[in-house]
Amino acid sequence: MSTGEDHPGSLEPEKHGETSDPGRPQPEAAEVESARMLENQAREALLAAGLSAPTIRRLADDYIALDRGEGVAAFIEWAKGRAGGASAR
-18 MSTGEDHPGS LEPEKHGETS DPGRPQPEAA EVESARMLEN QAREALLAAG
32 LSAPTIRRLA DDYIALDRGE GVAAFIEWAK GRAGGASAR
């Protein structure tokens, strides 16, 4: 499970606003590459955990946009917790 760190980073409030998915934080343009790299590095482990490719992409975007970090192991743990271990679409 997580290390008890379920709090967004300091930049998270700036990331909410008008987006294609209102209410969801979106990575800034400069962060999109970080989100894609994180998605690619974690894909195999998260697919094996039952998450779908679109869900992994969305979670990588959320993780980066919420300013939680860029560590792959921490992202995998966080993503599994967010997905509830269920196969999300």
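The sequence shown begins at -18 in this note's numbering and counts up one residue at a time.
Beta carbons are placed, not taken as given, at the ideal position from N, Cα and C, and that holds for glycine.
For residue 30 and residue 11, I'd like the C-alpha separation in whole angstroms. Along the sequence shown, read from residue 1 onward, the residue named residue 30 stands at position 49. Along the sequence shown, read from residue 1 onward, the residue named residue 11 stands at position 30. C-alpha separation (whole angstroms): 29 angstroms.
Quick check on the DSSP output: what are the complete alpha helix (DSSP H) runs of length 4 or more inside the stretch 24 to 48, in order along the chain? 34 to 46
Would you decide whether residue 20 is buried or exposed? Buried here means 16 or more other CB atoms lie within 10 Å of its CB. As a first step, residue 20 is located in the sequence shown; it is residue number 39 there, counting from the start. It is buried - the Cβ of residue 20 has at least 16 other Cβ atoms within 10 Å.
Compute the distance between the beta-carbons of residue 16 and residue 41, then report whether it is under 8 angstroms. Mapped onto the sequence shown, residue 16 falls at position 35. Mapped onto the sequence shown, residue 41 falls at position 60. Closer than 8 angstroms, so yes.
Cut-off 8 angstroms between Cβ atoms - residues of its own chain near residue 53, not counting five sequence neighbours on either side: As a first step, residue 53 must be located in the sequence shown, where it is residue number 72. So the list reads 19, 22, 23, once near-sequence residues are dropped.
Hey, quick one: how far does the alpha helix (DSSP H) through residue 62 stretch, first residue to last? Translated into positions along the sequence shown, residue 62 becomes position 81. That run of the alpha helix (DSSP H) goes 53 to 64.
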